[in-house]
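So the sequence lines, in the order shown, correspond to chains A and B. Just so we're aligned: 83 in the working numbering is position 98 of the first sequence, and the numbers increase by one with no gaps anywhere. Just so we're aligned: 225 in the working numbering is position 240 of the second sequence, and the numbers increase by one with no gaps anywhere. Note that the Cβ used here is the ideal one computed from N, Cα and C, for glycine as well. Structure record follows, encoded as structure tokens.
Number of protein chains: 2
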Amino acid sequence: MNKPATIKDIAKTLKISTSTVSRALRNAHDVNPKTRNAVLALSEELSYQPSRLALSLQQKQTHTIGVIVPNLDYVMATMVRGIDEVALEAGYTVMVCQSNESFGREMVNTRRLLDSLVDGFIVSVSSETKVFDHFKKIQQKKMPMVVFDRVSSDLVAPKVKLDNVEGGYLATEHLIEQGYKNIAILAGPKNLAISNDRLEGYLKALKKFKVKPNAELILHCSFNQQDAYETTIELLKRKKHPDAIFTISDRMAIGAMLAIKEKGLRMPADIGLVGFNNEPITSLLSPSISSVDQPAFELGKTAAKLFIEQMHHEEDLSNIERVLKPKLAVRESSQRRKNKFSSAG
Amino acid sequence: MNKPATIKDIAKTLKISTSTVSRALRNAHDVNPKTRNAVLALSEELSYQPSRLALSLQQKQTHTIGVIVPNLDYVMATMVRGIDEVALEAGYTVMVCQSNESFGREMVNTRRLLDSLVDGFIVSVSSETKVFDHFKKIQQKKMPMVVFDRVSSDLVAPKVKLDNVEGGYLATEHLIEQGYKNIAILAGPKNLAISNDRLEGYLKALKKFKVKPNAELILHCSFNQQDAYETTIELLKRKKHPDAIFTISDRMAIGAMLAIKEKGLRMPADIGLVGFNNEPITSLLSPSISSVDQPAFELGKTAAKLFIEQMHHEEDLSNIERVLKPKLAVRESSQRRKNKFSSAG
DNA sequence: TTGTATGCGTTATCAA
DNA sequence: TTGATAACGCATACAA
């Protein structure tokens, strides 16, 4: 009772061969009903569980997906839940590893999972990552790999991502429509596509509305709140400071907000603010922060579906790129057209 | 080059036996340096990686820890990072599964990981869980299992948790010291020990300060914000409503805050509020919310250390209970003694 | 110092 | 319908 029961134990007890037991367990057609029932009964009694290890070794698949994410913040955790949902249903188990935005950690994790532990990967690259050899090794092994959310053009693989250009566009368009003239953008790390895409959307909106872009209003900083805070403080020290800021994450928006409040400026009257991710916190702050909403759960599900698809069919899907659309959640921090009197409060 | 290289490939190429290769790879003492070098060189060239699957099957250990958590909110994600940190260093890989506070999901996840995939578990029970058979099955298999954060007295296992009684005490003591007289508590689901412990701390503080507990001020509701909001609305409808609320999570505190604001009451002047978890958001809200801080990262690390300890030594640690101490982060929502004039603002 | 044989738990192939 | 055997990739007891 102590050691887990194996097929051998059943065979020995029933005085039949292991192959027969194996067949009976898997409901093969060519097995005597009497034998099968005996096997089923005994395996029930011993609470037999097939060893996934032995199966994996034999079939050369583990039915496990390695998921590598830079962190587990609100949005990522939601995406992972989406992945989990689909994977579980398809009979896969998920191994989630956080790289903590560290390139080294990302490599270690990948390598570890690569040692015949997983059938493939669903990854989102860390903000430090500039070299993709560890991911390319996955592909050399002909393992399926789907890249999601933080994708990179240096990686040829099926991808699922948000339409970040559209996200940047929506935010900027909205600010312009609200009458803001000097709109700054706090973009993220330069090596990340999401930074550049959201920046591109920003530029696209300016162009559409014939606003001349100003290089001094385009700032790069890391995703963390403190960095955004400091950058905004510097920004507001300028003689002619911007009258609106678009940050490409909500964390950054919060940093910016703290700086704005410190300077005694009011939102949306003196300065407009739009973030990105639509974290629950944005609706709770005062003023509430407008933010670009992304369908995180759906995005995770899509990534997992794409993975399964790639797993089952042999076709090359590496040029597929599923792009989900963002929406803009307009809140107090940027809305001054419909309630101009708000500045009186 | 396509299929991963095995020990056999090396043996064949070098015309030696697999056992020699195996020995050479593991730096055994009784192997000819010349042979070893040849093996090492070739394995390097073929970028040989031992199969963890085969190893696991043979040695009956996977060097993988199954981590089951109810969710991946801020605190949990931090704890998981702590677990990850220690596990990685000890040569273990972590499989994180979210139960989404669902009993069924928790069972499925446990069962899946149990099929010879992991060496043991580090778990935190879902709020729905009232029966622990699935966890007891782990113990029947003599697998190490550490319970953390959400522990249950129905489970005999090494445990790591916060001193929740102390947390409840700190919050309540603080409110009393600030002059609040009718302090309500929004406790969580009744079946969770953390609910009861924090409630116990609340009662302990009342007793210490000779305040008579009032059953009408003790309310149970789920952890989610909406529920806390509705409960608070009801609470404030009473003729003689409480002048302070202690919620056992920050999510609940936010729900309560929304209700308080809706009623037009001011914090801390009209009503005091203290939450639990010290999520970053608490310092950003207006007013900022006082909250009980728990050393989440440390707690995760401790759980993993305990797991490793249990793994390595054969001693029975099932009566061990590591208890970490909380601190109180005092913020605007409850502090009225040191700045009474704040009610004028 | 090296090789042979065996086992880990399972399935597949082939023969009976 | 069933059984013997080999194989998956590795480690190890034992023999050479």
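Of the residues B:299, B:-12, B:145, B:318, the one whose Cα lies closest to the Cα of residue 228 (chain B) is B:318. Residue contact check for residue 232 (chain B) against chain A: no CB pair falls below 8 Å.
Counted as a single uninterrupted DSSP element, the beta strand (DSSP E) harbouring residue 83 (chain A) occupies residues 78 to 83. At the C-beta level, residue 321 (chain A) and residue 275 (chain A) stay beyond 8 Å of one another.
With contacts defined by Cβ atoms closer than 8 Å, residue 86 (chain A) and residue 112 (chain A) form a contacting pair. Restricting attention to B:-9, B:105, B:39, the CA atom closest to the CA of residue 293 (chain B) is found in B:105. Comparing alpha-carbon positions, the option among B:190, B:242, B:-10, B:225 lying closest to residue 29 (chain B) turns out to be B:-10.
Counting along the chain, no beta strand (DSSP E) covers residue 48 (chain A), and no H or E run does either. Residue 251 (chain B) sits exposed, since fewer than 16 C-beta atoms from the chains shown fall within 10 Å of its C-beta. Any Cβ of chain A closer than 8 Å to the Cβ of residue 41 (chain B) would place that residue at the interface, and such an atom is present. Bounds of any beta strand (DSSP E) do not take in residue 248 (chain A), whose DSSP letter is neither H nor E. With three or more CB-CB distances shorter than 8 Å, the segment 144 to 159 of chain B counts as touching the segment 266 to 286 of chain B. Excluding its 5 nearest sequence neighbours in each direction, residue 203 (chain B) has C-beta neighbours in its own chain below 6 Å: 170, listed in chain order. Taken in chain order, the members of the segment 60 to 90 of chain B whose beta-carbon sits within less than 8 Å of a beta-carbon on chain A are 62, 65, 66, 69, 73, 78, 79, 80, 81, 82, 83, 85.
Using a 10 angstroms sphere on the CB of residue 159 (chain B), the tally of other CB atoms reaches 16 or more, which defines it as buried. Judged by DSSP in its simplified three-state form, residue 142 (chain A) adopts coil rather than helix or strand.
Only buried fits residue 272 (chain B), as 16 or more other CB atoms lie within 10 angstroms of its CB. For the segment 225 to 308 of chain B, the full-length beta strand (DSSP E) segments reaching 3 residues or more read 229 to 232, 257 to 262, 275 to 278 along the chain. At a Cβ-Cβ threshold of 8 Å, residue 217 (chain A) and residue 233 (chain A) do not count as neighbours. Beyond the five residues adjoining it in sequence on each side, residue 157 (chain A) comes within less than 7 Å, by CB distance, of 168, 186, 187, 190, 191, 231 in the same chain, given in chain order.
For residue 105 (chain A), the enclosing beta strand (DSSP E) starts and ends at 105 to 108. Considering only B:306, B:313, B:285, the residue with the shortest C-alpha distance to residue 262 (chain B) is B:313. Note on geometry: alpha-carbon atoms of residue 241 (chain B) and residue 223 (chain B) lie some 15 Å from one another.
Taking the C-beta atoms as reference points, residue 50 (chain A) is found no nearer than 8 Å to residue 33 (chain A). When secondary structure is reduced to three states using DSSP, residue 19 (chain A) falls in the helix class. Pairwise C-beta distances place the segment 301 to 312 of chain B in contact with the segment 138 to 152 of chain B, as three or more of them are shorter than 8 Å.
Contact between the segment 280 to 288 of chain B and the segment 56 to 64 of chain B is present, with at least three C-beta pairs closer than 8 Å. Contact of residue 36 (chain B) with chain A is assigned, a C-beta pair being separated by under 8 Å.
In the three-state reduction of the DSSP assignment, residue 64 (chain A) falls in the helix class, which pools H, G and I. At the C-beta level, residue 68 (chain B) and residue 288 (chain B) come within 8 Å of one another. Here residue 147 (chain A) is bridged, per DSSP, to A:309. Between residue 125 (chain A) and the set A:37, A:99, A:25, the nearest pair of CA atoms involves A:99. Annotated as distal: residue 200 (chain A) and residue 184 (chain A), with beta-carbon spacing of 8 Å or more. Here residue 164 (chain A) is exposed: its Cβ has fewer than 16 other Cβ atoms, across all protein chains shown, within 10 Å. The closest CA to that of residue 198 (chain B), considering only B:174, B:166, B:8, is found on B:166.
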